[in-house]
Every structure is written in structure tokens, then in C-alpha cells.
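Numbering (this note's numbering), first residue to last: 101 to 529.
So, in C-alpha cells, the structure goes:
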């Protein structure tokens, strides 16, 4: 026991250093994203920014459809068998390209009827195309770079990629809006698209240095990818249906303030996300011979996640009064919205650990049922609440839904762990 102590201490120190680096990278990335959001909010003004937030609500849903969950197989399969990387890499690129093309086509047909960024129909269509290409396909492919590095346990490269992408967006916004006086979505769309294309070229070069993709579909992974992606799709729909409905029934200031408050709370979850993105490959390896083998590690992660979620919630709650100074005095509802949403971070931290364990153990069906059912019903409830009592109906619904996911996800985990233990005893007999 004593002989193993130095090795255990070394491993623990290594994990702490990895987590610190991951947290720092996500902190910088989220700070950069908030700065980007602040620059756009102040430059566009409440009306123009409200329209932009409505468009982003659509692309936030669509980006989870793009790729059909193929990137998850990288962080699950490659740590177990590194030789499969070229095939899974090619599989991810194919699905991202096909699904992305379909999403852009559908968006260009539907969105111009609801959102106008220019008077001329042809110009409005071109702007819509740029925004969809940039915020769906290019974002998905750029994010694939981080996933590839994580799959190969190259945490430093993964951290650098996520920081780099966020900083590029911030620099682009600063250059466009401050140096070149870009103050409309119409002008911003081209700046954003060009910067994302250049970023993708760089990340693609780095990814291809690891291995060239083998362009063929892995059919069993398609089903698993869809099961993995659908909870994110339903959750994204549930998280953005409020913005879509608010855009129809509320004034632009409320839409803009709520959009910023949502971005702040989403960004504040990064401390827990930093932990989960590092632990997921470890859970996948630990659960190879049964999910119960990873349960002890999961409970340790849960304790840490609760502490991180509580700290993040308290921080943004007390910092809410400073938000109008950062984003602009036009957003008068912003401090109140931030304070109301802050405690939700703790609920998300608790259930995210449970669903990550299910995903890492390959139990995507159970994971999908829990999240899809909660988010599907939640989207309907929040949509109705946003229509009937904007925005406070949204807040009440959000608390009910997040608490329900906490209960359901951990109930399912305990059931699967018990079944796994029973199965292992049968094998021993």
C-alpha cells in the first residue's frame, strides 16, 4: 500500500494539473466569448442585437444536428483503440458535410420568411447563407479539432484549440466593430465567415498531421451517434425555444437582455465542463467491463462538480449588478435575469455527471431517453410559458425541468449500476 502511494500521488497531481489547465483554457475561452458578445451587443444596439440573438438561437439548435453526434465516437473509441482514429475521423467529416449541407438548404428556405437582415431578397439570402454556414458547419468542424486532441489525450493541444478559437472570434469582433465600424448583422456576417474559414484551415492542418482521414462511414456508429446527439438537440431546442418565442412576443431589450443572461450562465458552467471533458475518456476506460467499475470514480467527480457549480452560481449572482456596465445601459433587465438564472448551474452540474457516465459506458439509449424526454417536454412547457408569461414563466419552468433531470438521471444510473453488479456476479458463478 505504501509502495503505491507515490504513484497514486503522482497520478492525482497529474489530474489536478490537467484540470487546472483545462479550467484555465475554458475560463479564457468563455471570457473571450463574453467579450465578443459584449462588443456585438454594444455596437449593434438592442434592436439589431435582438435580431442577431434570434438567429443564433436557431443555429444553436442546428449545430447539434450537424454531424449527427459523430464526434463522440472519437473520444469514446480512440482512447480504447487508437488504430481506429483514421476511420472515425473520416466518418465524422462525411456526416458533418452531408448533414450541414441539408441544414443550410433548409435554413435558406425557411429563415428569410421570418428574419430579414437586408431589404433586397437576394442580399438577404446571401447573408442568411453566410450566417448558417459559419455558425453551423464551420463551428462543428472547428470543434472537431478539440475533440481529436482530447481523444488522443493531448490535453494541452485541446486547451489551446478552444482558447484559440474563442480569441480569434474576439479579435475579429474587435477589429470589425471597433476598428472598421461594423454595426449591422449584414456587415458582421462576412467578417465572421472569413475568420472561421481561416481558423478551420489551421485546425484542419493540425488534425491531418496526426493522421489522414479514411473517408468511409462506420454504420454501427451512426445509430450511437444519433442517440448521443439527440439529447443535445432536444436540450438546445429547449434552451432556445424561449428566445424564439420571446422574439415574437417581447420587446428587443428583453430579448437581448435574456440572450446575454443566458450566455453568461452558460459560460459560467465552464468549470464543470472542464472537469467533464477530461474525465469522460477515463470513465470510458473504467467502464469497459461494466458500468459499476466506474461508479466510485463517478461519485468523486460528483462531489467536485457540486462544489464547482455552487462556486460559479454564487460568483455570477453577486456580479450581476456589474453587467450593464459591460454590455451597455440599454439592457436594463440584465442584472435581474442573471440573478434568477444563476442557481440553475448547480442543477446542471449534478445531472451532467450522471449522463456522462451513461454515455462513457456506451449506454446511449438510456441517456437519450432521460434527456430527450425531459427536454422534449421541457421545450413544450417553456414555449407555452414564454408565450403566456414572458419571461418569468420561462424561469419557473427551467427550475422544474432541471430538477426533474437530476432525479431521473441518477435514478437510471443507480439502476444500471445495480444491473451491472448483478451481471458480474452471475459471470463469477
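Every residue, glycine too, gets a C-beta built ideally from N, C-alpha and C. Predicted model only: the values in this text are computed from it and were never measured.
Exercise. Alpha helix (DSSP H) containing residue 397: first to last residue?
Worked result: Here residue 397 refers to the residue found at position 297 of the chain shown. Where residue 397 is concerned, the enclosing alpha helix (DSSP H) stretches over 395–419.
Exercise. Short check: CB of residue 281 to CB of residue 186, under 8 Å?
Worked result: Within the chain shown, numbered from 1, the residue matching residue 281 stands at position 181. Within the chain shown, numbered from 1, the residue matching residue 186 stands at position 86. The answer is no: Cβ separation not under 8 Å.
Problem set entry | As assigned by DSSP and simplified to three states, the class of residue 446 | By 1-based counting over the chain shown, the position of residue 446 is 346. Helix at residue 446.
For this session: Can you give me the Cβ contacts of residue 505 inside the same chain, cut-off strictly under 6 Å, excluding the 5 residues immediately before and after it?
Result: The residue given as residue 505 occupies position 405 in the chain shown. Closer than 6 Å at the Cβ level, and outside the excluded window around residue 505, lie 451 and 474.
Problem set entry | Sequence-distant residues of the same chain with beta carbon closer than 8 Å to residue 439, five excluded per side | What you label residue 439 is simply residue 339 of the chain shown in a count that begins at 1. Excluding sequence neighbours, residue 439 sits near 417 and 420.
Exercise. What did DSSP end up calling residue 180 once you bin it into helix, strand or coil?
Worked result: Translated into positions along the chain shown, residue 180 becomes position 80. Reduced to three states, the DSSP call for residue 180 is coil.
Exercise. Among the residues of its own chain, which have a CB less than 6 Å from the CB of residue 479, if the five just before and after it don't count?
Worked result: What you label residue 479 is simply residue 379 of the chain shown in a count that begins at 1. Within the same chain, residue 479 has close Cβ partners 337, 338 and 341.
Exercise. With burial defined as no fewer than 16 other Cβ atoms inside 10 Å of the residue's Cβ, what is the status of residue 320: buried or exposed?
Worked result: Indexing the chain shown from 1 puts residue 320 at position 220. Classification of residue 320: exposed, given that the 10 Å Cβ count is below 16.
For this session: Over the uninterrupted alpha helix (DSSP H) stretch that includes residue 430, give me the two end residues.
Result: Position 330 of the chain shown, counting from 1, holds the residue named residue 430. Unbroken run through residue 430: none, as it is neither H nor E.
Exercise. Which value, in whole angstroms, describes the spacing of the CA atoms of residue 198 and residue 301?
Worked result: As a working note, residue 198 is residue 98 in the chain shown. As a working note, residue 301 is residue 201 in the chain shown. If I take the Cα positions, the gap works out to 19 Å.
For this session: Report the three-state DSSP secondary structure of residue 369 (helix, strand or coil).
Result: Position 269 of the chain shown holds residue 369. In the structure shown, residue 369 sits in coil (DSSP, three-state: anything other than H, G, I, E or B).
Exercise. At what residues does the alpha helix (DSSP H) containing residue 265 begin and finish?
Worked result: As a position in the chain shown, residue 265 is number 165, starting the count at 1. Run containing residue 265: 255–273, per the alpha helix (DSSP H) assignment.
Exercise. Mapping DSSP to helix, strand and coil, what is residue 464?
Worked result: Locating residue 464 in the chain shown gives position 364, where the first residue counts as 1. Three-state result, residue 464: helix.
Exercise. Can you tell which of 462, 194 and 518 has the C-alpha that lies nearest to the C-alpha of residue 383?
Worked result: Taking the first residue of the chain shown as 1, we reach residue 383 at position 283. For residue 383, the nearest C-alpha among the options comes from 462.
For this session: Go through its chain and collect everything with a Cβ distance to residue 283's Cβ below 8 Å, but skip five positions before and after it.
Result: The residue labelled residue 283 in the question sits at position 183 within the chain shown. The answer, listed in chain order, is 143, 144, 145, 148 and 277.
Exercise. Looking at C-alpha atoms only, which residue of 230, 152, 137 and 329 is the closest neighbour of residue 171?
Worked result: On the chain shown, residue 171 is found 71 positions in, with the first residue counted as 1. Measuring from the Cα of residue 171, the nearest candidate turns out to be 329.
Exercise. Alpha carbon to alpha carbon, what distance is there between residue 253 and residue 521?
Worked result: By 1-based counting over the chain shown, the position of residue 521 is 421. By 1-based counting over the chain shown, the position of residue 253 is 153. Going from the Cα of residue 521 to the Cα of residue 253 covers about 29 Å.
Problem set entry | Neighbourhood of residue 153 by C-beta distance below 7 Å, restricted to the same chain and skipping five residues each side | Here residue 153 refers to the residue found at position 53 when the chain shown is read from its first residue. These residues qualify, in order along the chain: 343, 355, 356 and 359.
Problem set entry | Residue closest to residue 517, alpha-carbon to alpha-carbon, out of 211, 195, 488 and 455 | As a position in the chain shown, residue 517 is number 417, starting the count at 1. Taking only the C-alpha atoms, the option nearest residue 517 is 455.
For this session: Go ahead and pull the three-state DSSP assignment for residue 529.
Result: Position 429 of the chain shown holds residue 529. Confidence in residue 529 is poor, its pLDDT being 48 and thus under 50, which makes the residue's placement too unreliable to answer from.
Exercise. In terms of residues, what are the limits of the alpha helix (DSSP H) holding residue 242?
Worked result: Position 142 of the chain shown, counted from the start, is the residue given in the question as residue 242. 239–251 is the extent of the alpha helix (DSSP H) around residue 242.
Exercise. Run through DSSP, which three-state label would residue 312 get?
Worked result: Counted from its first residue, the chain shown places residue 312 at position 212. DSSP places residue 312 in coil when its eight states are reduced to three.
Exercise. Which whole-angstrom value is the C-beta distance of residue 208 and residue 234, which I expect to be below 8 Å?
Worked result: Position 108 of the chain shown, counting from 1, holds the residue named residue 208. Position 134 of the chain shown, counting from 1, holds the residue named residue 234. In fact, because the Cβ distance is near 13 Å, the residues do not count as touching under 8 Å.
Problem set entry | Exposure of residue 180, with buried meaning 16 or more beta-carbon neighbours within 10 Å | Mapped onto the chain shown, residue 180 falls at position 80. Classification for residue 180: exposed.
Exercise. Thinking C-beta only, is residue 476 closer than 8 Å to residue 327?
Worked result: Indexing the chain shown from 1 puts residue 327 at position 227. Indexing the chain shown from 1 puts residue 476 at position 376. Cβ distance not < 8 Å, so residue 327 and residue 476 don't count as in contact.
Problem set entry | Secondary structure of residue 145, DSSP reduced to three states | Working through the chain shown from its first residue, we reach residue 145 at position 45. Helix.
Exercise. Going by the beta-carbon positions, is the gap between residue 230 and residue 273 smaller than 8 Å?
Worked result: The residue given as residue 230 occupies position 130 in the chain shown. The residue given as residue 273 occupies position 173 in the chain shown. No; because the gap between Cβ atoms is not below 8 Å, this pair is not in contact.
Exercise. From residue 256 to residue 155, what distance separates their C-alpha atoms?
Worked result: For the purposes of this step, residue 256 is taken as the residue at position 156 of the chain shown. For the purposes of this step, residue 155 is taken as the residue at position 55 of the chain shown. So the two alpha carbons sit approximately 33 Å from each other.
Exercise. Since residue 197 is in the alpha helix (DSSP H), which residue starts that stretch and which ends it?
Worked result: Start at 1 with the first residue of the chain shown, and residue 197 comes out as number 97. Per DSSP, residue 197 belongs to the alpha helix (DSSP H) from 185–210.
Exercise. Alpha carbon to alpha carbon, how far is residue 200 from residue 524?
Worked result: On the chain shown, residue 200 is found 100 positions in, with the first residue counted as 1. On the chain shown, residue 524 is found 424 positions in, with the first residue counted as 1. The alpha-carbon atoms of residue 200 and residue 524 are separated by roughly 43 Å.
For this session: Find the nearest neighbour of residue 265 within the set 509, 404 and 239, judged by alpha-carbon distance.
Result: What you label residue 265 is simply residue 165 of the chain shown in a count that begins at 1. Among 509, 404 and 239, the Cα nearest to that of residue 265 is on 239.
For this session: List the whole-angstrom C-beta distance separating residue 401 from residue 379, where the pair is believed to meet the contact cut-off of C-beta under 8 Å.
Result: Sequence index remark: in the chain shown, residue 401 carries index 301 (1-based). Sequence index remark: in the chain shown, residue 379 carries index 279 (1-based). Confirmed, about 6 Å.
Exercise. Just how far apart, CA to CA, sit residue 457 and residue 441?
Worked result: Within the chain shown, the letter at position 357 stands for residue 457. Within the chain shown, the letter at position 341 stands for residue 441. Taking the straight line joining both Cα atoms gives about 26 Å.
For this session: Would you mind stating whether residue 446 and residue 410 have Cβ atoms separated by less than 8 Å?
Result: Here residue 446 is taken as the residue at index 346 of the chain shown, counted from 1. Here residue 410 is taken as the residue at index 310 of the chain shown, counted from 1. Yes, the pair counts as a contact, with Cβ atoms nearer than the cut-off.
For this session: Drop a sphere of 10 angstroms on the beta-carbon of residue 323, count the other beta-carbons inside from all chains shown, and report buried for 16 or more, exposed for fewer.
Result: For this step, residue 323 is matched to residue 223 along the chain shown. By the 10 Å Cβ count, residue 323 comes out exposed.
Exercise. So, is residue 399 buried or exposed, given that buried needs 16 or more other C-beta atoms within 10 angstroms?
Worked result: Against the chain shown, residue 399 aligns to sequence position 299. It counts as exposed.
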